[in-house]
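Here numbering that gives the first Met the number 0 is used: position 22 in the sequence shown is 21, and no number is missing along the way.
Even for Gly, the Cβ is constructed at its ideal location relative to N, Cα and C.
To keep things clear, I will list the structure first and then write my remarks on it.
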Amino acid sequence: MVDIYNSVSLSYAVPCGGEDVNKIVGNLHLGQAKGGEPFFPLGAENDAPALPEEIIYYDDEGAVCRCLNWREAQRTMLTEETKDAVLVIEAINAEQARRARVAMEELQELVKDYFGVQGKLVHLTSESPEITL
């Protein structure tokens, strides 16, 4: 799964990431950190807490991703045992949003082709900022 979303990220120049839904505690949020939210980066041995006002993905246990979806936590990372995942593609301007929409459709097709799973596409915006997983 990680190789698939990384290939889409490179093809469309949009940031892509993924988390194991069953490892998320409570709800998944995107917002400003208070500062100090625990975060053990993928491949690291030490906590690297979020900085005040940094934009992070977080749940009830702490930071899930820092630098938007670029730096992932070990706690919620996708593994071979992952059964339910949320995949994220981000855009910060109109051109990137156009590429992101095409990338999401390709990612959906690749997940279906490789895993036999029909994913659901959802577009979150400032006008429509949340969904129920």
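| query | result |
| --- | --- |
| Alpha carbon of Gln91 to alpha carbon of Gln107, nearest angstrom | Position check: residue 91 holds Ile in this sequence, whereas Gln was assumed. Using only the alpha carbons, I get a separation of about 21 angstroms. |
| C-beta atoms of Val24 and Glu60 nearer than 8 angstroms | yes |
| Range covered by the alpha helix (DSSP H) that runs through Arg74 | Arg74 -> no alpha helix (DSSP H), and no H or E assigned at all. |
| Three-state class that DSSP yields for Asp58 in the structure shown | strand |
| Segment contact flag, the segment 1–10 with the segment 28–45, C-beta cutoff 8 angstroms, min 3 pairs | no |
| Neighbourhood of Leu67 by C-beta distance below 7 angstroms, restricted to the same chain and skipping five residues each side | Pro14, Ile54 and Glu89 |
| Classification of Glu52 by the beta-carbon crowding that lies within 10 angstroms, buried from 16 upward | exposed |
| Where the alpha helix (DSSP H) containing Gln117 begins and where it ends | That residue, Gln117, is in no alpha helix (DSSP H); it is neither H nor E in DSSP. |
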